[in-house]
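Undergrad: Residue numbers (this note's numbering): 1 to 346.
Virtual Cβ for every residue (Gly too), placed ideally from N, Cα, C.
1) So the candidates are 180, 111 and 124; which of them puts its Cα closest to the Cα of residue 199?
2) Distance, Cα to Cα, residue 47 vs residue 242?
3) So what's residue 136 in DSSP terms, helix, strand or just coil?
4) For my contact list, residue 185 and residue 122 are in at a C-beta cut-off of 8 angstroms; report their separation, rounded to the angstrom.
5) Alpha carbon to alpha carbon, what distance is there between residue 210 and residue 136?
6) Kindly confirm or deny that the stretch 24–40 and the stretch 136–151 touch, where touching means at least three C-beta pairs closer than 8 angstroms.
7) Report all residues from its chain with a CB closer than 7 angstroms to the CB of residue 263; omit the five preceding and five following residues, and keep chain order.
8) Which residue comes first and which comes last in the alpha helix (DSSP H) that contains residue 186?
9) Could you check how far apart the C-beta atoms of residue 190 and residue 253 are, in whole angstroms? I think they sit under 8 angstroms.
10) Quick test of your reading: residue 138 and residue 278, contact by CB under 8 angstroms. State the CB separation rounded to the nearest angstrom.
11) Going by DSSP, what residues sit across from residue 289 in a beta bridge?
12) Apply the 10 Å Cβ neighbour rule to residue 107 and answer buried if 16 or more other Cβ atoms are within range, or exposed otherwise.
13) So, are the CB atoms of residue 236 and residue 205 less than 8 angstroms apart?
14) Taking Cβ positions, are residue 160 and residue 41 nearer each other than 8 angstroms?
15) Does residue 156 come out as helix, strand or coil in the three-state DSSP assignment?
16) Write down the C-beta distance between residue 158 and residue 24 rounded to the nearest angstrom, noting that I regard them as a contact closer than 8 angstroms.
17) Run through the DSSP bridge pairs and tell me what residue 18 is partnered with.
18) In terms of residue numbering, what span does the alpha helix (DSSP H) encompassing residue 229 cover?
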């Protein structure tokens with residue numbers, strides 16, 4: 001069976017590749033779709049900055065732990081209006097009554113400070129690692145390091161196109177390996193930094209959801225409220241988006257762990273070494289393909305020059321011909337004969 005195959009990749013001799021030996025401008029893709037995909041890099045960076053800013057805002061607000069208590073009566077009543085089919089959602093209103101979550105909420109300022117500090121420390125270590133990779137100019141390490149990858153992509157569109165070529169050459173089995181590798185890279189941040197902060201996000205989400213529902217379906221219709229609807233909607237959407245991102249990350253980690261078990265029987269070694277080996281192998285294929293294309297273009301131009309020189313009865317070296325002229329069907333230009341300057345020695 002396929003999962004009992006030996007690790008043939010360990011016996012393959014693949015050269016390491018460096019950006020210092022490759023002109024990434026030769027691999028630029030100017031298609032509209034590629035340009036649109038390139039914008040995603042900036043969106044991801046912007047999202048990371050916004051999440052950090054929101055965490056700092058939560059840190060300031062968490063000094064008063066009373067602001068982070070679920071309004072149980074209103075919360076349960078609000079969910080009660082939805083119907084019995086969705087009554088299980090109301091159980092979320094009771095999560096802060098459990099001792100563990102109650103402890104987290106009572107000491108939320110220090111826990112947030114701890115989690116933000118852990119996230120900052122992990123980010124600093126990743127930045128230091130990325131600096132060493134960027135200095136080495138190793139392509140496979142740059143591709144597998146998220147910070148270095150984004151640095152090169154933001155630095156130049158040509159680097160992004162080159163990385164996309166590497167990604168497009170992946171096989172299905174390699175795609176699973178890369179998915180597991182990149183997903184596992186974020187497990188420390190997910191466990192030690194993000195999970196603690198998501199508790200307070202859940203409280204904010206529940207409280208704002210309750211306020212909005214009571215605003216549109218008031219229990220006492222004669223009672224007026226000074227609710228700032230736009231502000232509540234903003235907090236609800238922001239906290240909901242962060243919770244959704246955290247949940248998707250957790251699901252990806254679970255899927256990656258399940259895939260990793262049979263994947264071990266394929267790679268039979270270090271996952272990072274396997275990914276870097278596959279990247280260097282694909283880079284070699286991309287470079288060879290590009291080299292073959294250049295050779296064919298040069299041969300085509302030389303053949304056209306020989307045919308034109310034969311018709312004109314001149315030396316082929318006297319003809320000026322480039323690829324753009326061939327595509328446009330321009331007339332072939334004759335280079336002037338070299339002349340020596342006439343110097344009067346008298």
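TA: Reading from the atomic positions:
1) Locating residue 199 in the chain shown gives position 199, counting from the first residue. Comparing Cα positions, the closest option is 111.
2) As a first step, residue 47 must be located in the chain shown, where it is residue number 47. As a first step, residue 242 must be located in the chain shown, where it is residue number 242. Approximately 10 angstroms between the Cα atoms of the pair.
3) As a working note, residue 136 is residue 136 in the chain shown. Helix, per DSSP.
4) Here the question's residue 185 lines up with position 185 in the chain shown. Here the question's residue 122 lines up with position 122 in the chain shown. Rounded, the Cβ-Cβ distance is 10 angstroms, inconsistent with contact.
5) To locate residue 136, count along the chain shown from 1; it is residue 136. To locate residue 210, count along the chain shown from 1; it is residue 210. So the alpha carbons of these two residues sit roughly 53 angstroms apart.
6) no
7) To locate residue 263, count along the chain shown from 1; it is residue 263. Excluding positions up to five away in sequence, the list reads 176, 177 and 180.
8) Looking up residue 186 in the chain shown gives position 186. Neither: residue 186 is in no alpha helix (DSSP H) and is coded neither H nor E.
9) Sequence index remark: in the chain shown, residue 190 carries index 190 (1-based). Sequence index remark: in the chain shown, residue 253 carries index 253 (1-based). So it is a contact: roughly 6 angstroms between Cβ atoms.
10) For the purposes of this step, residue 138 is taken as residue 138 along the chain shown, with counting starting at 1. For the purposes of this step, residue 278 is taken as residue 278 along the chain shown, with counting starting at 1. Not really, about 15 angstroms apart at Cβ, beyond 8 angstroms.
11) Translated into positions along the chain shown, residue 289 becomes position 289. Answer is none; residue 289 lacks a bridge partner.
12) For the purposes of this step, residue 107 is identified with residue 107 of the chain shown, where counting begins at 1. With fewer than 16 other Cβ atoms within 10 Å, it is exposed.
13) For the purposes of this step, residue 236 is identified with residue 236 of the chain shown, where counting begins at 1. For the purposes of this step, residue 205 is identified with residue 205 of the chain shown, where counting begins at 1. In this structure, residue 205 lies closer than 8 angstroms to residue 236 by Cβ.
14) Translated into the one-based positions of the chain shown, residue 160 becomes position 160. Translated into the one-based positions of the chain shown, residue 41 becomes position 41. For residue 160 and residue 41, yes; Cβs fall inside 8 angstroms.
15) Here residue 156 refers to the residue found at position 156 when the chain shown is read from its first residue. In the structure shown, residue 156 sits in coil (DSSP, three-state: anything other than H, G, I, E or B).
16) The residue you call residue 158 lines up with position 158 of the chain shown. The residue you call residue 24 lines up with position 24 of the chain shown. Confirmed, Cβ separation roughly 4 angstroms.
17) Walking along the chain shown from the start, residue 18 turns up at place 18. Looking at the DSSP assignment, residue 18 forms a beta bridge with 138.
18) Walking along the chain shown from the start, residue 229 turns up at place 229. Where residue 229 is concerned, the enclosing alpha helix (DSSP H) stretches over 229–267.
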